[in-house]
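As structure tokens, the structure follows; a few thoughts come after it.
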Amino acid sequence: MPDNLATARTVQAAIRANVPSIYDLPATELTGLFYTPGQLEELLRAELIGRTDLNNLPVRTRSKVAKTLVCEILGYVAPPSFRKVNPRLRHANVDVYVQQASNLQIWNQEVDAARRYVILIIRDGVIAKVKVIAGADLAQFDTTGTLTSKFQANRIDEDGGSVLASATDTAAFIERFTPSSSVPPGVSPVTAPGRARVLDIATVYSRLLPIVGRYFVDPGQTQERNRGSVVHREACSELGLSHYADHGQFPDILSQLIEVKLQLARTIDLGLELPESTTPLASANGVVAVRDVRYAIFYGARSGSSFQITDLVVVTGQDFFREFRQFAGKVSNSKLQLKLPSNWFL
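Mapped onto the numbering used here, the consecutive letters of the sequence shown carry residue numbers 14 to 359.
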């Protein structure tokens, strides 16, 4: 998008003028000198696509050259060698990977939900595509369940019924967004949240509660993602948003900072971050933390070729473990393998 590119060039100029170290603490929208994921992607595409700098280089050399290219394009002074810190481009909160095939390997480190992963796709020695994705969203490419099941929880009172488990939103959420009982017409589910464009948590609960008791066609025993999309679509409608859309990021309904979960089983997969985490939320440009997200957890039961919503729990990440108990899920080993979309390499 042209606006993303124009704004990215403004950030680039500011970084060059202020000369922050690439090893300074990660920037956010609040601290300034910050690129959104869209701005990162547009700037790197504009500067890198068509270049042959990475052609025929040994793997280690190619990795260093790629990081140097990204570092300099973002406006930083690239170091002669990169320290072994995570992420390597700390102030930009960026790690860089060069891919000729769809099998992405991440070695000897946890995937960071807030980090931005820059993926340079090489075809015939030329940088053909640039993709930027937040760590929280890498789970969709994990075929092993390692990411989606890293943290798990179940409800403390299994017979607790429907409940609004948080009386109010978090203080940080209220200060940042001034949530209320209504939003203007035309608010998209996939735009960034904005002041006076976000529903308060009590309204979220009251608008979603009528979904309890409804029946939906079950797309199949193994179709968890499609089944969840049915409820996600219904939630967008009940919240009064302009349409249904799924951007494949955390949280599901970005404009309202709501994560929608459908549970036909007791165990809830929480992914890479505990709900109470103070990690800055990458999809909201770091202006709030993961703990400020609202969780809408729908419980359901199958009935023949359909399923019925039986209960709803709405809770902030901050209060999540008042209603649920955590237990350890699968833990990643030294090498994590992800299958990136095949159409990225066409």
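Cβ coordinates follow ideal geometry from the N, Cα and C atoms, glycine included.
Check                                                                                                                      : Outcome
Opening and closing residue of the beta strand (DSSP E) in which T44 lies                                                  : Careful: T44 lies outside any beta strand (DSSP E) and carries neither H nor E.
Every unbroken alpha helix (DSSP H) inside the region 209-296 [4 residues or more]                                         : 214-221, 237-251
Cα-Cα separation between E188 and P93, rounded to whole angstroms                                                          : 42 Å
Buried versus exposed, by CB contacts within 10 Å (16 or more), D231                                                       : buried
For V301, the three-state DSSP class (helix, strand or coil)                                                               : coil
Closest Cα partner of L252 within the set V200, N17, R240, K274                                                            : V200
Chain-order list of residues whose beta-carbon lies under 8 Å from that of S319 (same chain, five-residue window excluded) : Y228, F229, V230, D231
Cβ-based burial, L359 [other Cβ within 10 Å; buried from 16]                                                               : exposed
G313 (DSSP reduced to helix, strand or coil)                                                                               : strand
N-terminal and C-terminal residue of the alpha helix (DSSP H) that I169 is part of                                         : Neither: I169 is in no alpha helix (DSSP H) and is coded neither H nor E.
Cβ separation of N167 and T280, assumed to be a contact under 8 Å, to the nearest whole Å                                  : 6 Å
N298, buried or exposed, once every other Cβ within 10 Å from all chains shown has been counted against 16                 : buried
The beta strand (DSSP E) enclosing R129, as first and last residue numbers                                                 : 129-136
Span of the beta strand (DSSP E), counted from its first residue to its last, around V107                                  : 107-112
Coil, strand or helix - I119 by DSSP                                                                                       : strand
Buried or exposed by the 16-neighbour rule on C-beta atoms within 10 Å, applied to P198                                    : exposed
For Q350, the residue or residues it bridges with in DSSP                                                                  : Q118
Candidates S316, L222, A126, V217, of which the one nearest P288 by Cα                                                     : A126
Exposure label - H256; buried when at least 16 CB within 10 Å                                                              : exposed
Close-in-space but distant-in-sequence residues of the same chain around G45 (CB under 8 Å, 5 per side omitted)            : A27
Whole-number beta carbon distance between V300 and L38, since they are thought to touch under 8 Å                          : That belief does not hold up - the Cβ atoms of L38 and V300 are roughly 16 Å apart, past 8 Å.
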